[in-house]
Each structure stands twice: as structure tokens, then as C-alpha cells.
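Student:
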Ligand code: 5GP
Ligand code: SF4
Ligand code: MG
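In UniProt numbering, the protein residues as written are 20 to 478.
This is how it looks when you write it as C-alpha cells:
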């Protein structure tokens, strides 16, 4: 998911609209904006892309100098309007709006505990668990949020808005990205990614720190730690695939990090006898450019993406899914015909994409297809909000390298090593894995994982 918030700007709802639009790649299932004029909330949530959710002029009815917005990520869970965010609810002291990116690992436990104490849940989302914790605490809002943060475990980049305050919090491991900026005269913005700041003309102040809570209100901005000894574990998939290439995470530009992943991939798994290097657009383009540079081979557009095929467009039947890749990607025959092609993809999850692209390149006349993946094999599920699927579906969890190569029909196949990946991203941090989460590759989760977490596959 993607979250975006504005404090103290006359066009807060419009800025939030542009902000979540710039974060559209982080979620296409639903979109929403809630604003406060200091007294009351006005809000709208809808299904689909930001432009679809707000296609009826609803933005005109949202007013205030403070706003938060959200785009929801399509995962295997329920795709319905009740789960759209921001979540807006009343509690004893007034109104609250919540926007959350990430998955909690103890949401089911906390939910059951709250239900035993009489809470009634309207949705299946983790975010409502946070809402109930805040509402039931009995403290004033800052204390209530602190209390809630003390109860939840897992990944959360969280925005909480009251009529008069914007509260921002990041989980103690900093699993999901979150960045703070300034805009206009005394205004603040917060976003999942810096690309949204460029769109709205805001200036980056800094990343929100793991275990940090920021309160922005009429007294200005205050920061405090709600968790001691926070150890950074930024999701490495943000660099590999999820974030937009023009964003900086931890001060590192995502495109440049991907290019370096490509260079490192060449060092680890060179193909020298080849004619061209091509990437799977758009997420692998940067890595393919890096690989080509390191190899001294031409980078070519061997594959073209139809940019009008959204994920929502691909129907959930097997036949339509198979057709989906063909609608989305085409091989450029005149580029690949008779050529020995190095094909770079950013990841293999279920193995469907790579397999289809290899056969597509062969049908277009490629003589050889060598596949190089700019991340390590994904062998473990993610419990922190990225849809890397359940374990049984992860091809690298159940098959050997040679079996995967054979299945996708490549002449050769290699993955980047976890060490090489960390080196290439180049984050300087004294925490384990230099401050990255590598759990889906290594199985070492930075938080506790509960049986309930393992049973619930992706909400
Ligand atoms: P596969 O086809 O092997 O299941 O998935 C790998 C492909 O999906 C890669 O081309 C990659 O760019 C893309 N991908 C990587 N991570 C994700 C993810 O979290 N969600 C979705 N929908 N696609 C992903
Ligand atoms: Fe990211 Fe993988 Fe960690 Fe999930 S398990 S947060 S996808 S690195
Ligand atoms: Mg891809």
C-alpha cells in the first residue's frame, strides 16, 4: 500500500490526491482521502485506481488544511470497499482517520483478545485492530496511539489524523518506507516514497526512523521514540521491485540501486557470449541497464510493455491469466531474431512470468535465452505486506535451480546472492544485513512470527 499525508496547507486534499496518484504503483485495489478542516472530517473512498475512485468529482467535496490518503495493494485477500482506507471512525474524543501500509504479525491475536472484551469488527483489515486499540485505551490521543503501538507487532507505516493533529509512526524495524517533508509556509508532508514529494513540489526533510512517532499540531512538530533499541530492517524488495525508480529510500536512489544490482549480477553470473541484454519492463529495466554496462553488451528493448494493461484488467481465470502476460508484454522480433539474449528480471516468485517471457523470446526468433535474476531466490512467504505468496506457490522453495531453469526453458539461469544484493544496494548500517529485511530469501524474520501469522495468507 501507499500512504500520504499533508499538514497545514490550503490545498491539502488536492495535494493528497496528487500524492497518492504518484504512489499508484504501491496499490491499485482502492484509493481514499480524508481531510479535516479543524472541526469535521470529509472523505471519500472508492475501488480501483485513484482516477477511478475519484471519477465523480468527489474531491470537490473534501475540505480542510490537513488530509491523509491511501492506495491499497492487491493481494490474495478480500478486495472490497469496507477494507478501503483511510479508515474513519468515531471514538469518545471525536473522529479518527487511519492510513496504514504493512501487515501486522499479531493482528489475529489482538483481534481475538479485543473480541473477547466486546469489540465488534467491521472489516478484516489489520488497520481496524489498530483503530480499536486506540479507541479503547481511555487515554488522550497521543497516549492512545502510544498504547496501540505498544500492542502491535509487524510492519506498519501509519498515519493517524484527528480533527487537529497528524500523528505519524513507523514500526521498530522500519520495514516499510516512510519519509517526512516540508511544503509551503509551515506545511508538512509525509509519504511512503519521495517520488510523491517531487510531484507535489515538497522538499524532503528526512526518513522517519524505525520506532519513531511524530506528532504534528498547532505547536509544531515533535518526535519521540515509542520503542527502544529499534533495529532497522528495511524491506529489500522495495529496492528490488516495489518502489518507483525515482524515489530515494534511506537516501539511496532506487534506480541507481537497481542498476548496481544488475552490475553485481554480472560479476556473480556473467554471460560473455551474448549479443544483447534486455529487461522485463518496467521493474527490471534499471537492473538490465546495469548488467549491460558491466558486460559491455548493448542494452536493447527486446520486450515492450503495453502500459494500458493494468493488473486489475487481468481476469482471474487461468486462461485469462496466461493471456494476461501476452497482453502486457511483447517481444520485438527485429531486435531479438537470431540473437543470443540475456534476459534480466527482478525476481522469480511463482515462475510464471519468466517462463512465458522465455518462450515469447524464442518464438520471436531468439537463438539463446540466458536468464539472470537481480534478487536471490524467494523461498519464504512475506508477513509484512508484500505479496510474495504462500510457501507452496514459491517455485524456489520447492524446486532446485536446475529444475527451475528447465521449467522456464532457459539456456542458463542464475540468481543474485543475498550478500551481493546487500553490497549493491550499499546501505550503511550496523544492524544485521546492514539494516535490510531478507526474510523472504533467508527465512530469518526480523520480528516474532506466530502460528496465526503463518496460517493467515495475506490480507
Ligand atoms: P512470478 O511470475 O515469478 O510469479 O513473479 C515474478 C514477476 O512478478 C517479476 O517480473 C516481478 O517484476 C513481478 N513481481 C515481483 N514482486 C511482485 C509482487 O510482490 N507482486 C506482484 N504482483 N508482482 C511482483
Ligand atoms: Fe520485504 Fe521480503 Fe522482508 Fe517481506 S520478507 S518485508 S518482501 S524483504
Ligand atoms: Mg517484472
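We put the beta carbon where it would ideally sit given N, CA and C, even for glycine.
At which residue ranges does the segment 156–239 contain complete beta strand (DSSP E) runs of 3 or more residues, listed in the order of the chain?
Tutor: You should have 176–180, 185–189, 198–202, 206–210, 222–226, 231–236.
Student: I'd like to check one pair, residue 194 with residue 167: are the Cβ atoms closer than 8 Å?
Tutor: Contact flag unset, no.
Student: Return the bridge partner residues of residue 348 from the DSSP annotation.
Tutor: Note: residue 348 sits in a beta bridge opposite 324.
Student: Can you give me the C-alpha to C-alpha distance between residue 362 and residue 76, rounded to a whole angstrom?
Tutor: In a straight line, the C-alpha of residue 362 is about 44 Å away from that of residue 76.
Student: Roughly how many angstroms separate the alpha carbons of residue 224 and residue 202, rounded to a whole number?
Tutor: Taking the straight line from one Cα to the other gives about 10 Å.
Student: Among the residues of its own chain, which have a CB less than 6 Å from the CB of residue 349, if the five just before and after it don't count?
Tutor: Taken in chain order, the residues that qualify are 323.
Student: Relative to the ligand SF4, what is the chain-ordered list of residues with a Cβ closer than 5 Å to any of its non-hydrogen atoms?
Tutor: Ordered along the chain, the selected set is 254, 255, 256, 401, 403, 405, 456, 458, 459.
Student: By Cβ distance below 6 Å, which residues in the same chain neighbour residue 186 in space, the five residues on each side in sequence not counted?
Tutor: So the list reads 164, 179, 234, once near-sequence residues are dropped.
Student: Which residues in the same chain as residue 397 place their Cβ atom closer than 6 Å to its Cβ, once the five residues preceding and following it in sequence are excluded?
Tutor: Excluding positions up to five away in sequence, the list reads 368, 407, 413, 415, 459.
Student: Looking only at C-alpha atoms, which of 304, 293, 410 sits nearest to residue 355?
Tutor: Nearest C-alpha to residue 355: 293.
Student: Count the other CB atoms, across all protein chains shown, that sit within 10 Å of the CB of residue 83; report buried if there are 16 or more and exposed otherwise.
Tutor: By the neighbour-count rule (16 or more Cβ atoms within 10 Å), residue 83 is buried.
Student: Using only the heavy atoms of the ligand 5GP, determine whether one of them is closer than 7 Å to the beta carbon of residue 388.
Tutor: No; taking the cut-off as 7 Å, the Cβ of residue 388 has no heavy atom of the ligand 5GP nearer than that.
Student: Once the 5 residues before and after residue 98 are set aside, which same chain residues still bring their CB inside 7 Å of it?
Tutor: The answer, listed in chain order, is 48.
Student: Do residue 308 and residue 278 count as a contact pair if the criterion is CB distance below 8 Å?
Tutor: Yes.
Student: Would you give the residue range spanned by the alpha helix (DSSP H) that residue 358 belongs to?
Tutor: Neither: residue 358 is in no alpha helix (DSSP H) and is coded neither H nor E.
Student: Report yes if the CB atom of residue 196 is closer than 8 Å to the CB atom of residue 229, and no otherwise.
Tutor: Contact: no.
Student: Assuming the contact rule is C-beta atoms closer than 8 Å, residue 55 and residue 182 should be a hit. Round their C-beta distance to whole Å, please.
Tutor: Indeed they touch by this definition, with Cβ atoms about 5 Å apart.
Student: Per DSSP, residue 114 is paired with what?
Tutor: Note: residue 114 sits in a beta bridge opposite 109.
Student: What does DSSP give as the partner residue(s) for residue 60 in the beta ladder?
Tutor: According to DSSP, which records beta bridges pairwise, residue 60 is partnered with 55.
Student: Output the boundary residues of the alpha helix (DSSP H) element that contains residue 82.
Tutor: First-last for residue 82: undefined, no H or E at that position.
Student: Going by the beta-carbon positions, is the gap between residue 205 and residue 446 smaller than 8 Å?
Tutor: Cβ distance not < 8 Å, so residue 205 and residue 446 don't count as in contact.
Student: Quick check on the burial criterion: 16 or more other C-beta atoms within 10 angstroms. Buried or exposed for residue 111?
Tutor: The residue in question, residue 111, is exposed, as its Cβ has fewer than 16 Cβ neighbours within 10 Å.
Student: Using a Cβ-based criterion (distance less than 7 Å to any ligand heavy atom), does residue 299 qualify as near the ligand 5GP?
Tutor: True, at least one ligand heavy atom lies under 7 Å from that Cβ.
Student: For residue 50, which of 60, 58, 38 has the nearest alpha-carbon?
Tutor: Closest option to residue 50, Cα to Cα, is 38.
Student: Skipping 5 residues on each side, what residues in its chain have a beta carbon closer than 6 Å to that of residue 254?
Tutor: Around residue 254: 194, 456.
Student: Based on the DSSP secondary-structure assignment, which residues constitute the bridge partners of residue 254?
Tutor: In the DSSP output, where bridge partners are listed per residue, residue 254 has 456.
Student: Give the secondary structure of residue 249 by DSSP, where H, G and I count as helix, E and B as strand, and everything else as coil.
Tutor: Coil at residue 249, not helix or strand.
Student: Can you say whether residue 29 is buried or exposed, counting buried as having 16 or more other CB atoms within 10 angstroms of its CB?
Tutor: Classification for residue 29: exposed.
Student: In its own chain, which residues sit with a C-beta less than 6 Å from the C-beta of residue 214, not counting the 5 before and 5 after it?
Tutor: For residue 214, where only same-chain residues beyond five positions count, the Cβ hits under 6 Å are 41, 263, 265, 266.
Student: What do you reckon, are the CB atoms on residue 107 and residue 36 nearer than 8 Å?
Tutor: Contact: no.
Student: Let me confirm a value: residue 283 is counted as buried when at least 16 other C-beta atoms fall within 10 Å, else exposed. Which label applies?
Tutor: Result: buried.
Student: Closer than 7 Å by C-beta to residue 429: which residues in its own chain qualify, once you throw out the five before and the five after it? Chain order, please.
Tutor: Cβ within range, chain order: 377, 388, 389, 390.
Student: Rounded to the nearest angstrom, what separates residue 154 and residue 114 at their Cα positions?
Tutor: One C-alpha to the other measures close to 10 Å.
Student: Ends of the alpha helix (DSSP H) at residue 274?
Tutor: First-last of the alpha helix (DSSP H) with residue 274: 273–287.
Student: Quick check: the Cα distance between residue 410 and residue 400, rounded to an integer number of angstroms?
Tutor: Answer to the nearest angstrom: the Cα atoms are 6 Å apart.
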